[in-house]
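Under my numbering, the first residue of the sequence shown carries the number 3, and numbering increases by one thereafter. To start, the structure itself, in structure tokens.
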Amino acid sequence: MITLREASLGLTGAWQLAKRDPAGMQYFDASIDGFWRSFYAALIAAPAYVMLAGLRLVERPVATSSLRIVLIEAIAYVVGWVAYPLITFYLAAALERRERYLGYIVAYNWATVIQVAVYLPIAALAATGVAPEAVIGIVGAVIAIAVLTYQYYIARIALDVMPMAAVGLLIVDIFLSLALNGTVETLEMR
């Protein structure tokens, strides 16, 4: 079980990294126990993910049962939290950074909470139609670039890799997310 202190430290470390402070890594427990406990970040981010999924369905209604949607979204959420760390385990070994893998995934997991919190307001604005689509598009693009830059920075700092290796990890994460989102959309449309 994770303690409130460890969750607070994880979020603080993620916030420090968002401010481009490499000392943010000191807040994370990079042990094997800290690695497993960092997946509690998925529970913290889950309410925001549920809201994001609901907002997506407002924008793109589907003609399928609520139970099917809940199951698809729940499975996708779990896969999203497990697939990238699993793939990265092998990539870290290939990059000769296996000793830094645990700290990277701990930082990555806690950073995901911040990323979801950043995406939620813009998704809400898009779904409600409060702001013009052009404004939503521009703000959404700025947020996407900021999040990608954040993920790149975490890979660079946590794994201590060269820029191209960090870009490669970012590309893997993007393609994995696109594949997962495409699968979810396809399954929800059936």
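No residue lacks a Cβ here, since even glycine has one placed at the ideal position from N, Cα and C.
What is the DSSP secondary structure of residue i, counted as helix, strand or coil?
i	result
arginine 70	helix
arginine 158	helix
alanine 65	coil
phenylalanine 30	coil
threonine 5	coil
glutamate 75	helix
proline 213	This structure gives no information on residue 213, because the portion of the chain shown stretches from 3 to 192.
arginine 102	helix
alanine 133	coil
aspartate 23	coil
arginine 58	helix
arginine 192	coil
Taking the CB atoms as reference points, tell me whether residue i and residue j lie closer together than 8 Å.
i	j	result
alanine 129	glutamate 190	no
phenylalanine 37	valine 115	no
isoleucine 46	leucine 104	no
alanine 203	tyrosine 106	Limits of the chain in this structure are 3 at one end and 192 at the other, which puts residue 203 out of reach.
valine 163	alanine 157	yes
isoleucine 89	leucine 178	yes
alanine 133	leucine 127	yes
Using only CA atoms, which one of the options lies nearest to residue i?
i	options	result
glycine 12	Pro24, Ser40, Lys21 and Ile34	Ser40
tyrosine 29	Ala160, Leu97, Glu187 and Ser67	Ala160
proline 49	Glu75, Tyr92 and Phe91	Glu75
valine 174	Phe91, Asp23, Ala16 and Gln18	Phe91
alanine 20	Tyr155, Pro165, Val169 and Leu182	Tyr155
glutamine 153	Arg192, Leu88, Leu182 and Trp112	Trp112
alanine 125	Thr5, Gly184 and Leu57	Leu57
glutamate 98	Ala167, Ala133 and Arg70	Ala167
arginine 22	Leu6, Leu172, Gln117 and Thr151	Thr151
methionine 3	Ala16, Gly15, Tyr42 and Trp17	Tyr42
alanine 16	Ile77, Tyr86, Ile71 and Gln117	Gln117
arginine 1	Gln18, Ala25, Val186 and Asp31	The first residue shown for the chain is 3 and the last is 192, placing residue 1 beyond what the model contains.
alanine 85	Glu187, Arg70 and Ile176	Ile176
Any chance the segment 143–156 sits against the segment 50–58, with 3 or more Cβ pairs inside 8 Å? no
Taking one C-beta from the segment 69–89 and one from the segment 8–26 each time, how about it: are there three or more such pairs within less than 8 Å? no
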